[in-house]
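Asks:
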Amino acid sequence: MMRFESVIGFALIVAGLWPLHAAAQKYAAIFNFGDSLADAGNLVVDGIPEYLATARLPYGMTYFGYPTGRVSDGRLVVDFIAQELGLPLLPPSKAHNASFHRGANFAITGGTSLDTSFFEARGMRHTVWNSGSLHTQLKWFQDMKPSICNSPEECRDLFRRSLFIVGEFGGNDYAAALGAFLPVQKVHTFVPHIVDSIGKGIEKLIAEGAVELVVPGVLPIGCFPVYLSIFLKQQPEMYGPRSGCIKDLNTLSWVHNALLQRKIAGLRKKHPGVRIMYADYYTAVTQFVLHAEKWGFLKQTPKTCCGAPGVGVYNFNLTSKCGEPGAYACDDLSNHWNWDGVHLTEAAYGHIAKGWLYGPFADPPILEARQR
């Protein structure tokens, strides 16, 4: 006799309501670009810099059991998406002796939307750590093409059948400006430049033949312990009464995401045969803060799982960050959404990936048109 769960599952499949791996596998490959939210090891393929705490345990402890260069305790959103689509985990694009025929991950820790020259021209040379901007990563993509396809026609055919994830970009651009202690009002003037750069990157990929692109927005940076610790506010009204997040920093993120969605809307009109999906980090993390129990997280002030006591109650210390002496990981990683004060836990990334694939954290969801 069929188990009850099997009967229900079969009924949902017949009704076309259960997403099937067979349908998802219409994607031949995934090509991913971004920063430390998506870096699968590009920063460490040629050796681990001594200063790099993110390449030491407890990074990687949850899924892999060892550090991989991912800035989390385990898998990232792109890893969950690849697994759900029946594809292998994407190798970092700089990996040696790797096959890239099913995709590649060009993301690198420190990646920005804008090139370094933008920051240098504004006196921020010492606060930007740009290991590979969006347009540098697109150059890496161009350089890889001969190794994965034999002709322009073959490349366009592969790219038409592939999923491109473009970002998140912007987080490190804003970190460079805020790290220079520029007034938030001044940082707002950078938003159009950052969003326009992302738009140009999307169009470069469309010109290569991409027809399915996911474009993530930025996180609500005012909810992250690194910013909560550095930018302590004197007036209680500068924090969200329910969230405890810094309101003006979250407004900066919100404005970026609003302009990015406007940019995407314009690109959809310009390229009607291309499907551009906006992927929402902001709402997901806000949900984790405001409705923690719903997602299996502890209801608490934003606090790192891996860190050390510092300024305030955020378990973040700039002189003893995760992976450095004095820092420690929490006992139960599954009930924390924040990993190290800047990045998320595998548990949080898993929820976000599901929300991008099936909703509600994407417009439209990646598999919305692929469920039958």
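For the sequence shown, the residue numbers in the numbering used here are 1393 to 1764.
Note that beta-carbon positions come from the ideal geometry of N, C-alpha and C, so glycine has one too.
Where does Met1374 fall in DSSP's three states?
Replies: Within the shown structure, residues of the chain are numbered from 1393 to 1764, placing residue 1374 beyond reach of any answer.
Asks: Around the C-beta of Leu1477, are 16 or more other C-beta atoms found within 10 angstroms, so that it is buried, or is it exposed?
Replies: Buried.
Asks: Answer yes if the segment 1600–1620 comes into contact with the segment 1642–1650, meaning at least three C-beta pairs across the two stretches below 8 Å, and no otherwise.
Replies: Enough Cβ pairs lie closer than 8 Å, so yes.
Asks: Less than 7 Å between the C-beta atoms of Asp1640 and Val1703, yes or no?
Replies: Not closer than 7 Å, so no.
Asks: On a CA-only basis, which of Lys1596, Glu1604 and Gly1461 is nearest Glu1760? Give me that one, please.
Replies: Glu1760 has its Cα closest to that of Glu1604, out of Lys1596, Glu1604 and Gly1461.
Asks: Tell me the DSSP secondary structure of Glu1604 in three-state form.
Replies: Glu1604: strand per DSSP, three-state reduction.
Asks: Hey, how far is the Cα of Val1681 from the Cα of Thr1693?
Replies: For Val1681 and Thr1693, the distance between alpha carbons rounds to 8 Å.
Asks: Beta strand (DSSP E) containing Phe1556: first to last residue?
Replies: Start and end: Ser1554 to Val1558.
Asks: Report buried or exposed for Arg1462, applying the criterion of at least 16 other Cβ atoms within 10 angstroms of its Cβ.
Replies: Its Cβ being crowded by 16 or more others within 10 Å, Arg1462 is buried.
Asks: Hey, which unbroken runs of the beta strand (DSSP E) at 3 residues or more fall wholly within the segment 1642–1688?
Replies: Listed in chain order, they are 1667–1671.
Asks: Tell me the rounded alpha-carbon separation between Thr1454 and Asn1542.
Replies: Distance between the alpha carbons of Thr1454 and Asn1542: 39 Å.
Asks: For Ile1500 and Val1606, which I take to be in contact (beta-carbon distance under 8 Å), what is that distance rounded to the nearest angstrom?
Replies: At roughly 18 Å, the Cβ-Cβ gap does not stay under 8 Å, so Ile1500 and Val1606 are not in contact.
Asks: Taking 7 Å as the threshold (C-beta atoms), are Thr1696 and Pro1617 in contact?
Replies: Cβ distance < 7 Å, so Pro1617 and Thr1696 count as in contact.
Asks: Given Leu1468, which residues of its chain have a CB within under 6 Å of its CB, disregarding the five upstream and five downstream residues?
Replies: Contacts found: Ala1430, Arg1462 and Tyr1741.
Asks: Reducing DSSP to helix, strand and coil, say where Pro1757 ends up.
Replies: The answer is coil: DSSP assigns Pro1757 none of H, G, I, E or B.
Asks: What are the partner residues of Asn1497, as DSSP defines its beta bridges?
Replies: Paired residues: Asn1424 and Pro1484.
Asks: Under the three-state reduction of DSSP, which class applies to Ile1613: helix, strand or coil?
Replies: Helix at Ile1613.
Asks: Pull up the DSSP beta-bridge partners for Cys1722, would you.
Replies: Partner(s): none; Cys1722 has no beta bridge.
Asks: Please check the pair Glu1560 and Asp1427, which I expect to be a contact at CB under 8 Å, by giving their CB distance rounded to whole angstroms.
Replies: That pair is a contact at about 7 Å.
Asks: Straight-line CA distance for Gly1591 to Ile1656?
Replies: Cα to Cα, the separation comes out at about 8 Å.
Asks: Considering only their Cβ atoms, is the gap separating Gly1601 from Phe1551 smaller than 7 Å?
Replies: Cβ distance < 7 Å, so Phe1551 and Gly1601 count as in contact.
Asks: Can you look up Ser1564 in the DSSP assignment and give me helix, strand or coil?
Replies: What sits at residue 1564 in the sequence shown is Asn, not Ser. If DSSP states are grouped into helix, strand and coil, Asn1564 belongs with the helices.
Asks: Three or more beta-carbon pairs under 8 Å between the segment 1439–1449 and the segment 1571–1587, yes or no?
Replies: Cβ pair count under 8 Å is below three, so no.
Asks: Assuming Asn1649 contacts Gly1609 under a Cβ cut-off of 8 Å, what Cβ separation, rounded to an integer in Å, is found between them?
Replies: At roughly 4 Å, the Cβ-Cβ gap stays under 8 Å, so Asn1649 and Gly1609 are in contact.
Asks: Considering only the alpha carbon of each residue, which of His1580, Tyr1619, Ile1668 and Gly1457 lies closest to Asn1730?
Replies: Ranking His1580, Tyr1619, Ile1668 and Gly1457 by Cα distance to Asn1730 puts Tyr1619 first.
Asks: What do you reckon, are the CB atoms on Phe1556 and Phe1472 nearer than 7 Å?
Replies: No, these two residues do not count as a Cβ contact at 7 Å.
Asks: Report the residue ranges of all beta strand (DSSP E) runs contained in full by the segment 1490–1539; include only those spanning at least 3 residues, in chain order.
Replies: Qualifying beta strand (DSSP E) stretches, in chain order: 1495–1497.
Asks: Quick one: is Asn1564 buried, meaning 16 or more other Cβ sit within 10 Å of its Cβ, or exposed?
Replies: That one is buried.
Asks: To which residues of the same chain is Ser1525 closer than 6 Å at the C-beta, ignoring the five residues directly before and after it?
Replies: Within the same chain, Ser1525 has close Cβ partners Thr1504 and Asp1507.
Asks: Kindly list the residues whose CB is nearer than 7 Å to the CB of Leu1736, restricted to its own chain and excluding five residues on each side of it in sequence; keep chain order.
Replies: Excluding residues within five positions, the ones whose Cβ falls inside 7 Å are Ser1464, Trp1729 and Asn1730.
Asks: In angstroms, rounded to a whole number, what distance separates the CA positions of Gly1658 and Pro1717?
Replies: Cα to Cα, the separation comes out at about 48 Å.
Asks: Out of Val1583, Glu1545, Cys1547 and Arg1553, which one is the CA nearest neighbour of Gly1562?
Replies: Of Val1583, Glu1545, Cys1547 and Arg1553, the residue nearest in Cα terms is Val1583.
Asks: Output the distance between the C-alpha atoms of Gly1688 and Lys1713, rounded to the nearest integer angstrom.
Replies: Roughly 25 Å separates the two Cα atoms.
Asks: If you compare alpha carbons, which of Phe1498, Gln1475, Ala1421 and Tyr1451 is closest to Asn1434?
Replies: Closest option to Asn1434, Cα to Cα, is Phe1498.
Asks: So, Tyr1521 versus Gly1495, is the Cβ gap smaller than 7 Å?
Replies: The sequence as given places Trp at residue 1521; Tyr does not occur at that position. Result no, Cβ atoms of Trp1521 and Gly1495 do not sit closer than 7 Å.
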